[in-house]
Each structure stands twice: as C-alpha cells, then as structure tokens.
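Trainee: My questions will all concern the structure given below.
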DNA sequence: TTGTACGCGTTATCAG
DNA sequence: CTGATAACGCGTACAA
C-alpha cells in the first residue's frame, strides 16, 4: 500500500509538502507541485481516508435511523437528505431498526466514539429511552428528528415534520363532510408515535363531529401490506361495517382497496378509502388514492440541513419545524352509499 | 474527550491493559478487569472508532452502488445484504448513481483509500469503464456484482444473478403459448445491461416462434412509473396494437395497467401484461400481476456472503453464480381477445 | 516556500 | 498477566 511517504520520496520532497499539495495546493510552488503531481500519478497514490479521518477527528458520515427501509415514503425523504448530504460532502449510513425501539445511549455512543458525525432519526419508535444524566451538563450530540410526532421526552431535539394531528383531522373531516358517519382508522403499530399523532387527529375530528368510534373501527395494519390485508378482511366481516377507512399510510390503503375489491365491493361506491403520504404509487392505484401529501423531499432536505448546522455547532433556531401538508383528493373517496 | 489514557490512569493500569480488556478480556485478571471496568463506567469512555479503524486498517464498511434507491426490488435485495452484513459486523453505505454510468477507478480508489472494505455493484449501468492497466498485475479490489447481466468487460468479477435472458424468454414464451402474436416489450433505460439481457430473451422467444417484432413494440419505460405511463399511452394509439406487453419490471407493469384501464380497456381481456421481479405490490395490483419472480433476498445474501470471502482474501469459487427465477402466473395474463 | 518533528488514540510486539 | 513502546498515515506548528 502506497502512502504519503512513498510519494514524497519519489517526488523528492518531504511528506509535509505532499500533504500541503493535497490540502492547500496554492501554498506549493508550481514547480514542486508538478513533481508531486507526477509522483501521485505514477504511484497511484490515494490518501488513506482512515488516517485522514482519524487525524481530523471527523467521520464525514451521518447515520439515518429508520424503522424499516423499503417504505416508499421514507425513500422520498432520504432523497432529500441525500441531496444536501452530497452537497455537504457527507456519506449516509442507513440503520434499519426493524421496528424496534431504539436506545438513545446507543446513538449517543455512536457520536461519542466517532462512528458518525450526526444522526437523523426518521420516524423512530417510542419509547425512545435515554439516560437523563448522560445529557445533563453536556451538549446534545447532533441529532435531528424527522417525520416524528414529537413526544415530550424528545421535545428537546430539533425536529422537522408535518402536523400529523392536524393533517389527520382534516382528512377525517373531509370524509365527514362527504356524509360518512362510520369511519374506521387503520393505524400502524400502536407503539409508533407517528401513527399516534394521526390517531389523535382522527379521534378529534370524530368527537368534534359528535360521531362515535366503535372499538372495532380501530384497525392494526402494521404499516404493511400483509397486516393491512388481514385487518381489512376482518373489517369486512363486521355486521355494521364502516363506510370509510382512513389509513395511516398509502401502502395500507393500497392493501385495503385490494381486499375490498376482492370481496366484491367497490371503492369508493361501497367504501371510501383515504391514505397518508402520497407515495408515487398512489396516483396509479385503482382507483387513484385520495391521500394526505407530505413534502417528503423538502422534509429530508431541511432535516439534513439542520443536522449540518448542529454538527457545526451553530445555533439551529426553533426546535421543531413544521412543514405544510396537503389533502390530495383523487377518486377513492365519495359519499357513502344510499 | 476521554481517551484510553485517561481510563488507564484512573484505573491505575497501563493503556495496554485497557486495550486488552477491550479486545480480549479473558487475558486480564479478574481483579484488574474490575478496576478497568469501573474506570470506563466512571469516565463514560468509548473507544475512538476512527483511531481503531486507522490502526486496524479496516473500515468495516461496505458500499452498495445502486442506479437509484426507492426501487422496491432492490430494497428486497438490500434486505438480504443487510442480514449478512449485520451478522458479519459490516455497515452498509448506499451510493445512488442516479442512473449514471459509474467509473471503475472511482470505486477502485474507494477501496484503495480505505473508504470501504468492499463494494457491491447492484445492477450498475454499462459501460462500466475502467483502466485495464490499473487492474493488471494487481489483485482486483473486493467487488461483487449483483443482479447484473454480465457484460464481457466485467465478466472477471464475481457475480450473483438470475439468468435474465432465460427468464425473459420463458415469460415471452408463456405469452406466446397463450396465443399472443403481437407482443411488445417495455425496456428500462437502453443503456442498462440488466434490461438488455431481458430484451435478448424476448427477442429470442419471438424469433424462435417465428414472430416478427415491430419497431413500435419496443417501448422505453425508463424503469419508472412516469416513463412507463408515457410509453403506454403511445402504444395505445398504435393502429395495430399489440395484445400483450412484457415489462422489464413490475413498476412499469403497474403503470401500464393503469394507463390501459384509464383508456377504457381491460387487463387481461384486451391486453395482457407481464412484469418482472415480483415486488411486494404485485400481488395487490388489479389485476394481480403475472411476473417473473427473483429470489431477491437470497441474491442479496449470497452477494454479501461472497463479498465477505473476497475481503478475507479467500477463494470465491466460480465467478458467476446463477440463482433460479420462477414465473408467477397471476391474473394479468390471458389469451388474446377474439 | 519547504522540511523537521511531534501528536492524534489504538493495537501489537515483546520483555518482564 | 502486565507494562513499555513502536508503529499506523497524516496534518501542522515551528524552524529553516
């Protein structure tokens, strides 16, 4: 393995000069510069990143923690994260928690031990446990929350998200305005704070409209195709079946539509479906899905941007940043039958 | 920042002992061990990963290069990669090329400069340029190809994939066996070797059956929803419209179905559609999609496994490893109308 | 403008 | 079983 020493020897200069050539070429005389350049070419030298990072004390790496990869909406957010990461010369490491609760200390340690310069928690599950003591007195390590309906325990961290509760309320209200009275809510895993916010919004809209919520109307969709199919089938067997289902994400909505059609019913004629996220598949579903759109890429960009500032130790303004959502009405919703 | 020195001082031992405690605790006497343990707890010490990697000369990082993230099939492959990466204690860095051609030297350099211990090229675009000279004499850096229909230039690298050509031929033959004669093929980007293999299979099946291929039947779907929708709309305007479309991936098939139905036609009654990959959404499409299934997770696992062996410098057996595909017949295919 | 020499935090070698 | 000490490759004061 060729190191800076070899280059120096071949170029007939000191390692300091080679180092300077690499990091501030303008401080090297043209003549010398050429010699070094040639030596680098000849040897095929590439600076050892490990040594360099070690010396500089920076990883140039940021970790994005997601409950699961392969969720179309998160990819869209990651797209945004990537944009600014690339621009700021950071690499992205994705950590999939497989829907498990995460431990703050684990991430704290990652920063501490220089595994990463910063961390983005993308819709991480609660309870997000951490040791108060670790934090007290010390500055928070650079951590930014994204797409999270912030729980009190984490409210101290900077965060970027939509107002999940308001968005869910609007979606439910839209259903109500269409004339629906029996509206089910398909949540993700019950321990996800993200879906908790959405559930709150749903409950709020229902109670505001003085509409009751039957226990049977709270469906566990697990945020997955499979889970949503199962619980939709159960729903269809109910005697007094809801006329609309509000799903906490589009993937579950897709599964719900499939099961409803498979059962010989029609969407939206028999049952209206509304989703959440506006993933790219929503538009080509049959029927095209009414859903709550989140500005995924923008969320990613803002999140990463704030993380960069946090890493640089600059102030990061208001702790939690709310971006706008939007109800996108397509054709999976209609007035209830009859 | 607390270092091993501080711990040593507090524990009243040498740094060597602390290091030993960390790396081979059984070589430390229990008494000493306890002292060190306590010192670590008290100081909150965490070994500096940067220094450790530097010293060991290992990154514990492997880079996965994909043309684009957010492709459901690749996620499934990544799932497999992750499994063994986790087990082998590697971190995964994802590099999105945005469908650009990649430069071998760039990756060669990544290994060389210790940015990563190994590289997985997941369906990377050709031409994959590299400098013959760089390689000659030297061992290949640890690189494994995955989901690639290997072009000659890269045949020297280990690789894991299905037989794209055979799979595509079977799919086309299935359509032919159903009675179709006018069969279109929707390819991805024309510079993707992956879709080239599939196109070959399609052509082969057609010519074997003595069926002509009209130039209009070669559709550019860009592997994307948008691209596929556009080219499907064009297809529907053709005077002598095909009765079946074989799409190089499921996402394009999904878009094609959507456009066909939007135009008032029926799948499979008017046009049969067949996809490729068997992503998780295929089953809930309307109609459920007939497609060529790839064992995505297995591909990922095998790929990563081979990379590990390559990194360890062990022999890696046959250069290219072919895993089985399977035609999954659902309901998007039927005999042609009339 | 260039070179010398030291230090970064670990691990590894070798003596004790 | 433990302790000195030498690397690892690079960046950077400081001296020339």
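Chains as they are written, first to last, in this note's numbering: chain A, 14 to 351; chain B, 14 to 351.
In this text, a Cβ means the ideal position worked out from N, Cα and C, and glycines have one as well.
Every value quoted in this text rests on a predicted model; they were computed, and no experiment measured them.
Based on Cα-Cα distance, which residue from A/333, A/274, A/343, A/313 lies nearest to residue 168 of chain A?
Mentor: A/333
Trainee: Please classify residue 118 of chain B: does DSSP put it in a helix, a strand, or coil?
Mentor: helix
Trainee: Distance check for residue 22 of chain B and residue 146 of chain B, CA to CA, integer angstroms please.
Mentor: A caution first: residue 146 of chain B carries a pLDDT of 47, below 50, which makes its placement in the model too unreliable to give a value.
Trainee: If I measure Cβ to Cβ from residue 218 of chain B and keep anything under 6 Å in the same chain, skipping five residues before and after, which residues do I get?
Mentor: 182, 185, 186
Trainee: For residue 225 of chain B, count neighbouring C-beta atoms within 10 Å of its own C-beta (all shown protein chains included) and say buried if the count is 16 or more, exposed if not.
Mentor: exposed
Trainee: Find out if the Cβ-Cβ distance for the pair residue 271 of chain B, residue 307 of chain B is shorter than 8 Å.
Mentor: no
Trainee: By how many angstroms is the C-alpha of residue 265 of chain A removed from the C-alpha of residue 180 of chain A?
Mentor: Taking C-alpha positions only, residue 180 of chain A is separated from residue 265 of chain A by approximately 17 Å.
Trainee: According to the Cβ coordinates, are residue 123 of chain B and residue 77 of chain B closer than 8 Å?
Mentor: Here residue 123 of chain B is not near residue 77 of chain B, since their CB atoms are 8 Å or more apart.
Trainee: Which residue or residues does DSSP assign as beta-bridge partners of residue 199 of chain B?
Mentor: B/232, B/260
Trainee: Which chain B residues are close to residue 91 of chain A, counting only those with a beta carbon under 7 Å from its beta carbon?
Mentor: 82
Trainee: Determine the direct distance from the alpha carbon of residue 175 of chain A to that of residue 322 of chain B, and round the result to whole angstroms.
Mentor: Their Cα atoms are separated by approximately 45 Å.
Trainee: Is the distance from the Cβ of residue 62 of chain A to the Cβ of residue 128 of chain B below 8 Å?
Mentor: yes
Trainee: Label residue 36 of chain A either buried or exposed according to how many other C-beta atoms from any shown protein chain fall within 10 Å of its C-beta, with 16 as the threshold for buried.
Mentor: exposed
Trainee: Interface residues of chain A around residue 293 of chain B at Cβ under 7 Å?
Mentor: 238
Trainee: Compute the beta-carbon to beta-carbon distance between residue 107 of chain A and residue 82 of chain A, rounded to the nearest angstrom, for a pair I have assumed lies under 8 Å.
Mentor: 6 Å
Trainee: Is it buried or exposed, residue 178 of chain B, if we count other Cβ atoms within 10 angstroms and call 16 or more buried?
Mentor: buried
Trainee: Between which residues of its own chain and residue 318 of chain B is the CB-CB distance below 6 Å, once the five residues before and five after are set aside?
Mentor: 97
Trainee: Inspect the CB distances between the segment 42–55 of chain A and the segment 48–55 of chain B and report whether three or more fall short of 8 Å.
Mentor: no
Trainee: Could you give the distance in angstroms between the alpha-carbon of residue 286 of chain A and the alpha-carbon of residue 240 of chain A?
Mentor: 16 Å
Trainee: Report buried or exposed for residue 113 of chain B, applying the criterion of at least 16 other Cβ atoms within 10 angstroms of its Cβ.
Mentor: exposed
Trainee: Please return the same chain residues whose Cβ sits closer than 8 Å to the Cβ of residue 310 of chain B, not counting the five positions on each side in sequence.
Mentor: 89, 90, 92, 93, 96
Trainee: Which residue or residues does DSSP assign as beta-bridge partners of residue 335 of chain B?
Mentor: B/174.
Trainee: Measure the Cβ-Cβ separation of residue 269 of chain B and residue 201 of chain B and say whether it is below 8 Å.
Mentor: no
Trainee: Give me, in chain order, the residues of the same chain whose beta-carbon lies closer than 6 Å to that of residue 134 of chain B; leave out the 5 immediate sequence neighbours on both sides.
Mentor: 78, 158
Trainee: Excluding the 5 residues preceding and the 5 following residue 254 of chain A in the sequence, name in chain order all residues of the same chain whose CB lies nearer than 8 Å to its CB.
Mentor: 195, 248, 284
Trainee: Please decide whether residue 363 of chain B counts as near chain A, where near means a Cβ-Cβ distance under 8 Å.
Mentor: The question about residue 363 of chain B has no answer, for chain B in this structure spans 14 to 351.
Trainee: Can a CB atom of chain B be found closer than 8 Å to the CB of residue 72 of chain A?
Mentor: yes
Trainee: May I have the straight-line CA-CA distance separating residue 312 of chain B from residue 31 of chain A, to the nearest angstrom?
Mentor: 44 Å
Trainee: Hey, how far is the Cα of residue 245 of chain A from the Cα of residue 252 of chain A?
Mentor: 14 Å
Trainee: Could you check which residue in B/59, B/80, B/102, B/65 has the C-alpha nearest to that of residue 74 of chain B?
Mentor: B/102
Trainee: Rounded to whole angstroms, what is the Cα-Cα separation between residue 336 of chain A and residue 160 of chain A?
Mentor: Rounded to the nearest whole angstrom, the C-alpha separation of residue 336 of chain A and residue 160 of chain A is 10 Å.
Trainee: Within 10 Å of its beta-carbon, does residue 351 of chain A have 16 or more other beta-carbons around it, so buried, or fewer, so exposed?
Mentor: exposed
Trainee: When the Cα atoms are used, what is the spatial distance from residue 257 of chain A to residue 324 of chain A?
Mentor: 46 Å
Trainee: Considering only their Cβ atoms, is the gap separating residue 267 of chain A from residue 297 of chain B smaller than 8 Å?
Mentor: Cβ atoms of residue 297 of chain B and residue 267 of chain A: closer than 8 Å.
Trainee: Compare the Cα-Cα distances from residue 109 of chain B to each of B/341, B/130, B/34, B/87 and report the closest residue.
Mentor: B/87
Trainee: Report, in whole angstroms, the separation of the C-beta atoms of residue 206 of chain A and residue 281 of chain A, which I expect to be a contact under 8 Å.
Mentor: Wrong, their Cβ atoms sit about 30 Å apart, outside the cutoff.
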